[in-house]
Every structure is written in structure tokens, then in C-alpha cells.
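Colleague: Numbering (my numbering), first residue to last: 419 to 987. Don't be surprised by glycine CBs; every beta carbon is placed ideally from N, CA and C. This one's a predicted model, so the numbers in the text were calculated from it and none came from an experiment. Encoded as C-alpha cells, here's the structure I'll be asking about.
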Ligand code: NOJ
């Protein structure tokens with residue numbers, strides 16, 4: 419009896435402490451450096467991610483149709499070093515080996531995407547279903563489940579069938595909503611008995627802004643000030659339609675969840691006492707995360723987007739706002755279409771107010787009236803845009819909690835790159851990045867944010883879009899120069915594995931010993947990689963240089979002989 423009483427008191431006390439802790443996040447407090455030793459809730463899911471175009475390769479085999487990225491990457495000058503995803507990591511052929519790597523890390527889930535044109539080559543379900551493509555994903559999913567790894571499947575990670583771009587203008591056209599819904603229905607029908615976590619779109623901000631506004635990404639259109647808003651409008655409708663299709667036709671039987679993955683930086687006001695900076699930082703996040711999350715959770719675009727774009731469109735003399743409008747029916751149809759929210763997060767910016775008077779150069783960027791700044795002290799080991807600022811992650815997660823009613827969150831992407839130049843498997847900066855970012859996520863969970871899982875980006879080095887292979891995000895290094903695309907573990911593999919096995923962070927001493935061991939192992943892996951690539955070069959010499967020299971010799975001899983014969987005649 420006494421024991422039960424003590425237990426109940428303990429539980430009540432724990433609950434009170436938890437509630438107090440949940441309300442405790444103080445936005446004005448700049449507590450950024452203390453490390454929190456502790457563990458994640460039981461059942462927390464650890465994973466890694468990739469996407470189809472970035473890793474599969476096999477771009478034109480087994481009946482696959484072309485995607486906008488196949489076409490875009492083959493145009494000269496679009497991608498760094500004119501790289502393409504033609505063979506990439508050869509993931510299409512090596513998925514069984516890759517599942518072995520995941521198993522070794524004891525991953526709970528694997529996030530990957532389905533290539534729409536691989537299973538519907540013309541984009542349309544009514545025209546032709548490519549059974550070989552279906553079989554590839556069937557095998558991948560089954561093999562994951564055999565190894566107790568939960569598949570988290572993204573339906574659209576940017577590789578639209580090229581035919582739909584050419585015929586209809588891609589996401590500029592509202593007809594994509596129905597075509598995407600047909601593609602999603604086919605996936606639910608064929609894979610939904612085994613897949614229980616669906617992500618409709620990956621990072622729609624990027625699809626809209628980089629695909630239709632700046633043109634850095636496929637399809638490479640530069641429709642400044644209108645293209646991105648229109649594409650986003652159709653993407654949001656397509657997401658909602660697919661959620662409803664699942665809800666009405668499949669949910670009862672398959673019992674899965676449908677969400678979306680939104681990527682956002684954190685924006686911190688340059689001066690936290692300056693109201694104009696505070697409002698600019700708010701606009702920064704509303705124009706990025708809020709653009710998609712607010713319709714999905716509340717039915718309409720953020721008020722600040724409607725105000726700013728509306729006012730600027732008016733000043734330009736454009737009749738209606740460049741931001742499209744949802745009808746009342748559409749608003750209620752879109753609102754609440756999210757079983758979980760995927761969050762992709764990599765970096766942070768300082769934000770300050772900056773006026774862009776309306777004129778010729780109107781664009782998504784000038785509509786926001788703000789400037790982004792960075793602290794030169796922030797580490798930036800790889801991609802130009804990626805500064806390591808772990809405390810921004812906790813702030814972003816708390817923002818999601820308060821703005822959207824504490825939704826269930828899966829972190830669908832988080833990680834850091836290195837420049838390709840340095841072939842070093844001892845990636846201590848990545849260990850540090852993971853350690854600090856994952857720790858900030860743990861603090862956010864203690865704040866009461868409902869995070870259920872974490873996905874490291876990426877399992878493998880892969881095709882980093884317009885940067886080609888020049889930026890490496892992988893836990894595993896891929897030797898792209900070798901035909902077989904061998905994988906080598908970086909030190910961060912060991913480190914991440916430890917975090918997974920303990921389900922968190924034990925003590926400073928133990929974590930330092932993890933780091934030491936990881937560095938020891940990677941030094942020998944470095945040697946192996948060097949030896950292998952030397953052999954690889956020698957193979958290239960024997961495969962290409964030797965036959966070429968032989969042919970040249972034969973040709974020269976023939977010419978010489980002809981010359982001799984000619985002289986005798
Ligand atoms: C987000 C994208 O979804 C992913 O494909 C990309 O590799 C990472 N950002 C890193 O840039």
C-alpha cells in the first residue's frame with residue numbers, strides 16, 4: 419500500500435515537473451551552450467535517409483521514364499562539373515548491401531523516395547504501369563521489413579516525369595493534382611500493406627522556389643514573383659488530395675499515417691530587443707515553413723504573406739495578389755491534412771529588416787523585406803549555405819510546437835556536408851554536428867515537443883542536386899570514381915551507432931571514448947580507401963589506357979606499312 423502510494427506520488431510529481439518543463443521554453447533566454455546528458459523516450463525511432471534521384475542511378479533501364487532531373491542534369495552548365503545522377507550510388511543494384519549497412523547501425527527506420535517515372539514512365543497511371551519498377555520497390559520494402567527496419571516513404575522527392583513537364587508545365591498546372599493523386603493511389607495499392615509512414619512531398623519550398631523562381635533546380639524556370647507561389651499552391655492542393663484519398667480509401671485497412679516533410683532554417687532576430695528585427699524574423703519563417711504548414715494546419719496562408727505580397731502586387735499595378743487564393747471550400751478541405759509533420763533542418767540565419775521598394779525586380783525574396791546574415795564564427799565545413807548552429811534547432815522545434823498545436827513530428831532530414839576535395843573518413847566535424855544537433859532535439863523533447871523519430875541525412879554520399887558530387891552529406895563515403903561505387907564508413911557511422919545503442923547521451927567520459935574509438939577505426943578505413951582507389955586507378959589504366967595505346971600502335975604501324983608500300987610502287 420505504502421509502496422503504491424509512493425509510486426503514485428512519484429508519478430504525480432513527475433507529471434507536474436514535465437508540464438512545468440513543457441511551458442518553460444523562454445524565447446528571450448539565449449542559453450545555447452550547455453550539453454544535456456540524458457536519454458530519449460523509449461521507442462524513439464532512429465534512421466537515415468536518401469532519395470531516388472540522388473542515389474538510385476539506373477536512370478534509363480528496366481522501362482523507367484525520364485524525370486525532369488534526368489533532362490536538367492544532362493544540359494551543359496546546370497550542374498557543378500556537369501555531373502548527372504545517371505549512375506550515382508548505383509543504389510538500384512546495391513540496395514541489399516545498403517540494408518546491410520543500416521542493419522549494422524541498428525537503424526529503426528530508413529527514409530527513401532519512390533521515383534514516379536520509374537513506376538509510371540509517362541507519369542500517367544492510365545497509360546502504363548512499369549512492373550519492373552514496382553518490383554524494385556517491392557523488393558526493397560520487403561527486405562527492409564525482413565531486417566526489422568521500418569520504411570518511411572516519400573512520394574515526391576523532386577523527380578517529376580518529364581512528360582508532365584513538357585505537356586502541362588509541371589507544377590504550374592493544376593492538373594498535376596490529379597496525376598499525383600493517381601500515382602500516390604497506385605503506391606498505396608501496391609505497397610500500403612507494408613508501408614505505414616507516407617510523406618507526400620519533400621521540401622516543397624525548394625520545388626517551388628528553386629524549380630520555378632530561381633531556376634537553379636529542375637525544371638529550371640525563372641518565373642520571378644509568380645512561379646513559386648503558383649507551384650506551391652498546386653503542391654498544397656495535391657498534398658491535401660492525397661491525404662484525403664488515403665483517409666477515405668485506405669486508412670481503415672492499412673492503418674498508416676500520411677504527412678509532409680517541410681524544410682526550414684531557423685531565423686533569429688539580429689537584435690532581440692528591436693521590434694522590426696523580431697517581425698522580420700517572424701516573416702522569414704512564415705514565408706518558408708509557414709507558407710506550407712499554415713494552410714495544412716489552419717487552412718490558409720499566413721496573414722503576413724497575404725499582407726506583404728498583396729500590398730506589393732498592388733504597388734506594382736498587378737490587379738490581384740501574386741499569391742493565389744484558396745476558396746472557402748478549399749480551405750476546409752486542406753485544413754488538418756497531416757497525421758505527422760516531417761521536419762528537415764540544417765542551419766540558422768540572423769535576420770534583420772530590409773526594405774525592398776516595389777519595382778521591376780519583384781520576387782519571392784524581395785517580397786519578404788528582410789536580409790539574412792551569418793555569424794562568421796559559425797563553423798561551415800561543407801556547403802556554402804550550411805553553418806552549424808545547433809541551438810537554432812531547438813528553437814525551430816519549439817516554434818512548430820506552439821504554432822501548429824504540438825503535432826507529431828518526425829525529423830526527416832538533418833546533417834552536414836563536406837567538400838569533395840578532402841577524402842577524409844575521419845569526419846570529426848560531422849560527429850560534433852550530430853552530437854550537438856541531436857542534443858538540442860533532446861532538449862526540445864524535454865520542452866514538450868512531440869518528436870517521435872530522427873533521420874540523419876544522408877545514409878550515403880550522393881548526387882547533391884546542382885552541386886553534383888562536390889558536396890558529400892553521407893555517413894558512408896562513396897567512391898564515385900570506381901565503377902562499383904564502393905561504400906566506406908566515416909567515423910560518424912560509429913558515433914551515430916553509439917547514440918542509437920544508448921538511445922541518447924550517457925556521460926562526457928563515455929562520449930569522449932566513443933570519439934576516440936571512432937577516430938582510431940576511421941584511420942584504418944582511410945588507408946583501405948586509399949589502397950582501393952589506387953587499385954581502381956590501375957584498373958582504369960589497364961581497361962582504358964592500355965587498349966587505347968594498342969589501337970594507336972596498330973594504326974600507326976598500318977600507316978607506316980602503307981607508306982612503305984606506296985614508296986616501293
Ligand atoms: C534537403 C533535400 O531534401 C535533400 O535532397 C538534400 O540533399 C539536402 N537538403 C541537403 O542539401
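If you compare alpha carbons, which of 701, 908, 732 is closest to residue 769?
Modeller: Checking every option, the nearest Cα to that of residue 769 belongs to 701.
Colleague: Leaving out five residues on either side along the sequence, give the residues of the same chain with a beta carbon under 7 angstroms from the beta carbon of residue 502.
Modeller: Excluding sequence neighbours, residue 502 sits near 491, 492.
Colleague: Under 8 angstroms by Cβ, that's how I've got residue 544 and residue 581 pegged, so tell me the actual separation to the nearest angstrom.
Modeller: Actually they are not in contact, since the Cβ atoms of residue 544 and residue 581 sit about 13 angstroms apart, beyond 8 angstroms.
Colleague: In the DSSP output, what is residue 771 paired with across the bridge?
Modeller: Bridge partners of residue 771: 788.
Colleague: Which residues in the same chain as residue 915 place their Cβ atom closer than 6 angstroms to its Cβ, once the five residues preceding and following it in sequence are excluded?
Modeller: Closer than 6 angstroms at the Cβ level, and outside the excluded window around residue 915, lie 523.
Colleague: Flag this pair as yes or no: are the beta carbons of residue 799 and residue 743 separated by less than 8 angstroms?
Modeller: Against a cut-off of 8 angstroms, the Cβ pair of residue 743 and residue 799 comes out as no contact.
Colleague: Looking at the structure shown, is residue 793 part of a helix, part of a strand, or coil, going by DSSP?
Modeller: Coil at residue 793, not helix or strand.
Colleague: Just to confirm, are residue 646 and residue 631 a CB contact at a threshold of 8 angstroms?
Modeller: Yes, Cβ-Cβ distance for residue 646 and residue 631 is below 8 angstroms.
Colleague: Just to check my reading of the structure: residue 754 and residue 527 have Cβ atoms closer than 8 angstroms, yes? What is that Cβ distance to the nearest angstrom?
Modeller: About 25 angstroms; that fails the 8 angstroms criterion.
Colleague: Flag this pair as yes or no: are the beta carbons of residue 918 and residue 867 separated by less than 8 angstroms?
Modeller: Not closer than 8 angstroms, so no.
Colleague: How about residue 469: is its Cβ closer than 7 angstroms to a heavy atom in the ligand NOJ?
Modeller: It does: the Cβ of residue 469 is within 7 angstroms (strictly closer) of some heavy atom of the ligand NOJ.
Colleague: With which residues is residue 651 paired in a DSSP beta bridge?
Modeller: Residue 651 pairs with nothing; no bridge assigned.
Colleague: How should residue 460 be labelled, buried or exposed, when 16 other C-beta atoms within 10 angstroms of its C-beta is the threshold for buried?
Modeller: Classification for residue 460: exposed.
Colleague: Find the nearest neighbour of residue 850 within the set 888, 813, 807, judged by alpha-carbon distance.
Modeller: Closest by alpha carbon: 807.
Colleague: For residue 530, report the span of its alpha helix (DSSP H) as first-last.
Modeller: Residue 530 -> not in any alpha helix (DSSP H); beta strand (DSSP E) instead, spanning 527–531.
Colleague: Verify the contact flag: residue 891, CB atom, against every heavy atom of the ligand NOJ, threshold strictly below 7 angstroms.
Modeller: Answer for residue 891: yes, Cβ within range of the ligand NOJ.
Colleague: Roughly how many angstroms lie between the CA atoms of residue 554 and residue 534, to the nearest whole one?
Modeller: Rounded to the nearest angstrom, the two C-alpha atoms are 13 angstroms apart.
Colleague: Taking the alpha carbon of residue 469 as the reference point, which residue from 563, 454, 572 has its own alpha carbon closest?
Modeller: Ranking 563, 454, 572 by Cα distance to residue 469 puts 572 first.
Colleague: Under the three-state reduction of DSSP, which class applies to residue 468: helix, strand or coil?
Modeller: If DSSP states are grouped into helix, strand and coil, residue 468 belongs with coil.
Colleague: Using the Cβ count rule (16 or more neighbours within 10 Å means buried), how would you classify residue 434?
Modeller: Low per-residue confidence applies at residue 434: pLDDT is 36, beneath 50, and the placement is therefore not dependable enough to give any value.
Colleague: In three-state terms, what does DSSP make of residue 680?
Modeller: Residue state, collapsed to three classes: strand.
Colleague: Here's the rule I'm using: 16 or more other beta-carbon atoms within 10 Å means buried, otherwise exposed. How should residue 772 be labelled?
Modeller: Answer is exposed; the Cβ neighbour count stays below 16.
Colleague: DSSP three-state label for residue 398, please.
Modeller: The shown model of the chain, from 419 to 987, leaves out residue 398, and the question about it has no answer.
Colleague: Can you find the residues in the same chain that come closer than 7 angstroms, C-beta to C-beta, to residue 481, ignoring five residues on each side of it along the sequence?
Modeller: So the qualifying residues of the chain are 539, 548, 550, 551.
Colleague: Does the region 647–659 come close enough to the region 590–603 to have 3 or more Cβ pairs within less than 8 angstroms?
Modeller: Touching, yes, given that three or more Cβ pairs across the two stretches are closer than 8 angstroms.
Colleague: Based on DSSP bridge pairs, tell me the residues matched to residue 881.
Modeller: Bridge partners of residue 881: none, in fact.
Colleague: Assign residue 551 to one of three DSSP states: helix, strand, or coil.
Modeller: It is helical.
Colleague: Strictly by DSSP, which residues pair up with residue 923?
Modeller: Residue 923 is bridged to 456.
Colleague: Which runs of the beta strand (DSSP E) fall wholly inside the region 893–943 and span at least 3 residues, in chain order?
Modeller: List check, beta strand (DSSP E) in window: 894–896, 905–907.
Colleague: Say whether the region 506–514 touches the region 563–571, bearing in mind that this needs 3 or more beta-carbon pairs closer than 8 angstroms, one atom from each stretch.
Modeller: These segments do not touch.
Colleague: In chain order, what residues of the same chain lie with their CB nearer than 6 angstroms to the CB of residue 904, ignoring the 5 residues before and after it?
Modeller: Result list for residue 904: 897, in chain order.
Colleague: Kindly indicate which three-state DSSP category residue 668 falls into: helix, strand or coil?
Modeller: Note: residue 668 maps to helix in three-state DSSP.
Colleague: So residue 805 packs on residue 765, CB below 8 angstroms; how close in whole Å?
Modeller: About 5 angstroms separates the two Cβ atoms, so the contact holds.
Colleague: Following a CB-centred definition, is residue 921 positioned closer than 7 angstroms to any heavy atom of the ligand NOJ?
Modeller: Residue 921 Cβ: outside cutoff for every heavy atom of the ligand NOJ.
Colleague: Apart from the five residues on each side of it in sequence, which residues of its chain come closer than 7 angstroms, Cβ to Cβ, to residue 785?
Modeller: Here the set comprises 726, 727, 730.
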